[in-house]
Amino acid sequence: MAASALMLFLELALIRWTGSNVVHLSYFSNFVLLGSFLGIGIGILRSGRAKRLPYYSPVMLGLLVAVIAWKPVTVNRSGDNVIYFTSLDTSGPPTWVILPIVFIAAAIVLAGPAELVGRCFAELPRLTAYRFDLIGSLAGIVTFTLLSFLGAPPVWWGLLVTLGFLVLMVPQPRVTAAVLTGALVLTPLAVMVGVLFHESTRPENSWSPYYKVQTSSFEWQNTPLLTITVNGVPHQQAIPAEKRLQWEPQYGLPYQRAVAGKAPKNVLIIGAGSGTDVAVALRNGAEHVDAVEIDPRIRDIGRERHPDHPYQDPRVTSHIDDGRAFLSRTDKKYDLILLALPDSLTLVNGASSLRLESYLFTEQAFKSAREHLAPGGAFAMYNYYRETWLIDRLASTAQKAFGHVPCVDKVGDDLQQAVVTVGLTEADQSCATAWAGPTAITPPPATDNRPFLYLFTDRIPSLYLITLGLILVAGVIGVGIAGGGSSYRRMRPYADLFLLGAGFMLLETKSITGFALLFGTTWVVNAIVFAGVLVAVLAAVEVTRRFKTPPLKTMYVVLFGGLLLSWVFPDGWLLSMPIGLRALVAVLIAFLPIFAANVIFAKRFTDTADGTASFGANLLGAMLGGCLEYAALLIGFDGLLIVAALLYAGAFLLRPKQVAVR
Numbered sequence: 005m006a007a008s009a010l011m012l013f014l015e016l017a018l019i020r021w022t023g024s025n026v027v028h029l030s031y032f033s034n035f036v037l038l039g040s041f042l043g044i045g046i047g048i049l050r051s052g053r054a055k056r057l058p059y060y061s062p063v064m065l066g067l068l069v070a071v072i073a074w075k076p077v078t079v080n081r082s083g084d085n086v087i088y089f090t091s092l093d094t095s096g097p098p099t100w101v102i103l104p105i106v107f108i109a110a111a112i113v114l115a116g117p118a119e120l121v122g123r124c125f126a127e128l129p130r131l132t133a134y135r136f137d138l139i140g141s142l143a144g145i146v147t148f149t150l151l152s153f154l155g156a157p158p159v160w161w162g163l164l165v166t167l168g169f170l171v172l173m174v175p176q177p178r179v180t181a182a183v184l185t186g187a188l189v190l191t192p193l194a195v196m197v198g199v200l201f202h203e204s205t206r207p208e209n210s211w212s213p214y215y216k217v218q219t220s221s222f223e224w225q226n227t228p229l230l231t232i233t234v235n236g237v238p239h240q241q242a243i244p245a246e247k248r249l250q251w252e253p254q255y256g257l258p259y260q261r262a263v264a265g266k267a268p269k270n271v272l273i274i275g276a277g278s279g280t281d282v283a284v285a286l287r288n289g290a291e292h293v294d295a296v297e298i299d300p301r302i303r304d305i306g307r308e309r310h311p312d313h314p315y316q317d318p319r320v321t322s323h324i325d326d327g328r329a330f331l332s333r334t335d336k337k338y339d340l341i342l343l344a345l346p347d348s349l350t351l352v353n354g355a356s357s358l359r360l361e362s363y364l365f366t367e368q369a370f371k372s373a374r375e376h377l378a379p380g381g382a383f384a385m386y387n388y389y390r391e392t393w394l395i396d397r398l399a400s401t402a403q404k405a406f407g408h409v410p411c412v413d414k415v416g417d418d419l420q421q422a423v424v425t426v427g428l429t430e431a432d433q434s435c436a437t438a439w440a441g442p443t444a445i446t447p448p449p450a451t452d453n454r455p456f457l458y459l460f461t462d463r464i465p466s467l468y469l470i471t472l473g474l475i476l477v478a479g480v481i482g483v484g485i486a487g488g489g490s491s492y493r494r495m496r497p498y499a500d501l502f503l504l505g506a507g508f509m510l511l512e513t514k515s516i517t518g519f520a521l522l523f524g525t526t527w528v529v530n531a532i533v534f535a536g537v538l539v540a541v542l543a544a545v546e547v548t549r550r551f552k553t554p555p556l557k558t559m560y561v562v563l564f565g566g567l568l569l570s571w572v573f574p575d576g577w578l579l580s581m582p583i584g585l586r587a588l589v590a591v592l593i594a595f596l597p598i599f600a601a602n603v604i605f606a607k608r609f610t611d612t613a614d615g616t617a618s619f620g621a622n623l624l625g626a627m628l629g630g631c632l633e634y635a636a637l638l639i640g641f642d643g644l645l646i647v648a649a650l651l652y653a654g655a656f657l658l659r660p661k662q663v664a665v666r
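Offset between the sequence shown (1-based) and the working numbering: plus 4.
Right under this line is the structure:
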C-alpha cells in the first residue's frame with residue numbers, strides 16, 4: 005500500500021514539476037503519464053525476476069531533477085497545424101533531446117515503486133493485493149491534492165518522496181547494506197531535495213495548483229510594472245489601467261463597440277488574472293465587476309501588488325472558478341461579458357488535448373454567454389491571436405451563436421491582435437468597419453465535443469503522430485528488454501486484460517473531460533474525478549471480493565449498456581439540469597461503465613495464473629489507451645466511447661472460454 009501511494013504521488017509530482025520547467029510538457033502533460041504507465045508495467049513484470057531492491061529508481065530521479073534544473077526549457081510553439089500562446093524563443097536542449105530523456109527517465113523512476121507493488125501481487129491473493137494498491141493510490145492522490153490546496157512548493161513533494169523511498173527501501177540492518185542504501189538512495193535524493201529547496205526558496209517563485217509562478221517588478225517610462233511568468237513563459241503584466249489604455253488602446257475597444265460606447269453597469273470578466281482588465285472596466289465606468297479567475301495564486305498576486313489595486317475596490321467581486329462553470333451556475337445578467345486573454349498555457353491533467361480554457365471558445369459557450377446578457381448587452385474577447393484564420397474562426401463562432409455579424413478590430417503592425425465584439429442584437433454594437441466574413445480556409449466553430457480552437461486542420465498534427473509512434477516503439481522495446489525476452493510470452497494469455505486497460509484509460513479520459521465541461525476545468529474538479537474513478541474501481545473490487553457477481557457475459561452486457569447510456573445522453577444534455585441533479589446524473593452515467601469494466605477485470609484477474617504478467621499487461625494497455633486519446637482530435641470526446649466499445653468488444657472476444665464461475 006505504501007509503495008502504491010509513493011507510485012501515484014511520484015507520478016503526479018513528476019507531471020507537475022517537469023511541466024513547470026520543460027515548456028513542452030505544459031502541452032504534452034500526458035507524455036510523462038505515458039512514460040509512467042510504461043515504467044509501472046515494466047516494474048510489475050520485473051518484480052518476479054528482480055533480486056535486489058530497485059535502487060535505480062531514486063538514482064534516476066535525482067539525475068532527472070538535476071538535469072532539468074540545469075537546463076530548463078522554453079520552446080518555440082509556432083507551427084502550421086497547432087498554435088500556442090507562449091514565448092517564441094528557444095532555450096535549453098532541443099525537443100528531440102529533452103523529450104526522450106524525460107519519457108525514459110519517468111519510466112525508470114516509476115518502475116522502482118512498481119517492482120515493490122508487483123511483489124505484493126506474487127505474495128498475496130490477487131484481489132487483496134489489488135485492493136491495497138487502490139487504497140494506496142487514493143492516499144497518494146489525496147496527499148498531493150492537499151499539498152496543492154496548501155500551495156506547498158516542490159521541496160515538500162521531494163521530502164515526502166524521499167521519506168517514501170527510505171521507508172520502502174531500508175535493507176536489513178547490516179553495515180554493508182546501510183552503506184549501499186546511503187550511496188544509492190540518500191545521495192541522489194539529497195541532490196533532488198537540494199535542487200527543489202533552492203527553487204522553492206527563491207523569493208520570486210511561488211506555486212499555484214497549475215503553475216510555477218515567477219514575478220519581477222521594474223519601471224518603464226516612470227510606470228511601475230509587474231511581470232508574471234508561469235512555467236517559464238511570460239504570461240501577463242500588471243499595469244495601471246491608464247497606461248494600458250494609452251499603450252494598447254485595443255483594451256478599450258469592447259467598451260466603444262458595445263452599445264455605442266455606453267458605460268456598462270454590470271461586467272463579467274473571465275480570465276481576470278492579476279487585475280488589469282478589471283481596472284480597465286472600472287475606468288470605463290462599470291458599476292460592478294464579477295472577476296472570474298481560475299488560478300488563485302495569480303489572483304492573489306494581483307490583489308497584493310497590482311498598482312491600481314482593483315481587487316480592493318468595493319465594486320469588484322472576485323471568483324476563483326472556471327469561466328464556463330461560473331456561467332452555468334449564475335442567474336445574473338450582464339451588460340458586458342469579456343474573455344480577457346484566457347490562454348492557460350497548460351492542459352487539464354489526464355486529458356491529452358484539453359486546455360483549461362478550451363470550453364470557453366466553443367459555439368455552446370458563446371450561446372451560454374448570450375443567454376447571460378442583459379438587454380442591450382454585448383460579448384467580447386481579445387488576444388494576440390497570431391493567425392488570421394483563428395480570428396475569423398472566433399468571429400464566425402460569434403456570428404453563428406448570436407445570429408449576426410460581429411465587430412472585428414485587427415490591431416498591431418502585423419494585424420494579428422484582434423478584438424471581437426458582438427451585441428445581443430445587431431443594434432447593440434457599433435462597428436468601425438464590417439467584418440469581411442469567413443474565408444474558404446476558415447475552420448468551422450469549435451464545439452463542446454471537439455473543443456480544439458487552435459487546431460487548424462481536421463487531421464492529427466504530424467508532431468503528435470511522430471511522438472506517439474516513438475512512444476509505442478519505446479514501449480515495445482522497453483518491455484522486451486526488461487522482461488528478458490519472456491515478457492510477451494508471459495502476457496500472451498492476457499490479451500483481453502491488455503484491451504481492458506486501454507478501454508479503461510479512454511473511459512477515464514472521457515470522465516475527466518465530461519466533468520470538466522459540467523463543473524469546470526479547475527484542479528479541484530480534476531482531483532475529485534481522479535479520486536472518484538479510483539473509488540469506483542475499489543468498489544468494483546470490494547463487490548467482487550465479498551459477493552457472488554454475475555458471469556462475465558452479463559457484466560459485459562452491463563458495460564456496453566453503460567457505454568450506450570453515455571452515448572445517448574451526452575455531457576451537453578446535462579448542462580441544462582440544476583447543479584445538484586446534474587452531479588447525480590453525471591456520476592451515474594460516467595461511473596456505471598467504469599464500475600462494470602472493473603468488475604470484469606477483477607473477476608478475470610482473480611483467475612489468472614500469473615498475477616504480475618496479467619496486471620502488467622493491463623497497465624501497458626492503459627499506455628495504449630493514453631495514445632488513443634489523441635483520436636479525440638478527429639472524432640471528438642464522444643467518439644472515444646466508440647473506440648472504447650471496440651476495445652471492450654475485442655476483450656470480450658479474447659477472453660478465455662473456460663473461466664471459473666465465482
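All C-beta atoms, glycine included, are put in the ideal place defined by N, C-alpha and C.
Check, Outcome
"Can you list, in chain order, the residues of its chain with a C-beta nearer than 6 angstroms to that of Q241? Leave out the 5 residues immediately preceding and following it.", "L229, T231"
"Contact defined as beta carbons within less than 8 angstroms: I believe L428 pairs with A382. What is the distance between those atoms, to the nearest angstrom?", "7 angstroms"
"Enumerated in chain order, which unbroken segments of the alpha helix (DSSP H) with a length of 4 residues or greater are wholly contained in the region 279-310?", "280-287, 300-309"
"Can you give me the start and stop residues for the alpha helix (DSSP H) that L331 sits inside?", "327-333"
"Have a look at the DSSP bridge pairing and note the partners of V423.", "Y386, D413"
"Under the rule that 16 or more other beta-carbon atoms within 10 Å means buried, what is R206, buried or exposed?", "exposed"
"A115 CB to nearest chain B CB: under 9 angstroms?", "No chain B appears in this structure, which consists of one protein chain only."
"Rounded to whole angstroms, what's the CA-CA distance from T392 to Q420? Just pull it up for me.", "6 angstroms"
"If we call anything under 9 angstroms between Cβ atoms a contact, is L637 one with F502?", "no"
"For A329, collect the residues of the same chain with a Cβ closer than 7 angstroms to its Cβ; drop the 5 residues on either side in sequence, then sort them by chain order.", "F523, G524"
"My understanding is that N270 touches K336, with C-beta atoms under 8 angstroms, so please give their C-beta distance in whole angstroms.", "7 angstroms"
"To the nearest angstrom, report how far apart P410 and Q368 are at their CA atoms.", "17 angstroms"
"By a C-beta neighbour count over all protein chains shown, 10 Å radius and 16 as the cutoff for buried, is K659 buried or exposed?", "Strictly speaking, residue 659 in this sequence is Arg, with Lys absent from that position. Answer is buried; the Cβ neighbour count reaches 16."
"How long is the line joining the alpha carbons of T366 and A648, rounded to whole angstroms?", "25 angstroms"
"So D462 is in the beta strand (DSSP E); what residue range does that whole segment cover?", "Taken as a continuous stretch (DSSP letters only), D462 belongs to no beta strand (DSSP E), as it is neither H nor E."
"When you compare only the Cα positions, how much space is there between I48 and A115?", "8 angstroms"
"Can you tell me where the beta strand (DSSP E) with V217 in it begins and where it stops?", "216-224"
"Is A649 helix, strand or coil by DSSP?", "helix"
"Below 7 angstroms CB to CB, which residues in the same chain sit around V171 once its five sequence neighbours on both sides are set aside?", "A6"
"CB-CB under 8 angstroms to E246, same chain, minus the five flanking residues each way: which ones, in chain order?", "R287"
"From this set, L38, R123, G23, which residue's C-alpha is nearest V480's C-alpha?", "L38"
"Return the CA-CA distance between L651 and W527, expressed in angstroms with no decimal places.", "29 angstroms"
"Does the separation of the CB atoms of A617 and S491 fall below 9 angstroms?", "yes"
"With L542 as the anchor, note down where its alpha helix (DSSP H) starts and where it stops.", "527-550"
"Using the beta-carbon count (16 or more within 10 Å), is R333 buried or exposed?", "exposed"
"Taking the CB atoms as reference points, tell me whether F406 and V423 lie closer together than 9 angstroms.", "no"
"Going along the chain, which residues of its own chain have a beta-carbon closer than 6 angstroms to the beta-carbon of L57, five neighbours each way excluded?", "M173"
"If you drop the 5 nearest sequence neighbours on each side, which residues of the same chain put their C-beta closer than 6 angstroms to that of K371?", "A405"
"Tell me which same chain residues have a C-beta within less than 7 angstroms of the C-beta of E208, skipping the five on either side of it?", "Q218, T219, S220"
"Among the residues of its own chain, which have a CB less than 6 angstroms from the CB of E430, if the five just before and after it don't count?", "H408"
"Quick check on DSSP: helix, strand or coil for V36?", "helix"
"Pick from T558, R494, E375, L10: whose alpha carbon is nearest that of N4?", "Residue 4 is absent from the model: the chain starts at 5 and stops at 666."
"I'd like the span of the beta strand (DSSP E) that includes Q241, first residue to last.", "237-242"
"T90 by DSSP, collapsed to three states: which one?", "Residue placement at T90 is poorly supported in this model, since its pLDDT is 40, which falls under 50; the coordinates are not used for a value here."
"Using only the alpha-carbon positions, how far apart do S322 and L476 sit?", "45 angstroms"
"Around the C-beta of T610, are 16 or more other C-beta atoms found within 10 angstroms, so that it is buried, or is it exposed?", "buried"
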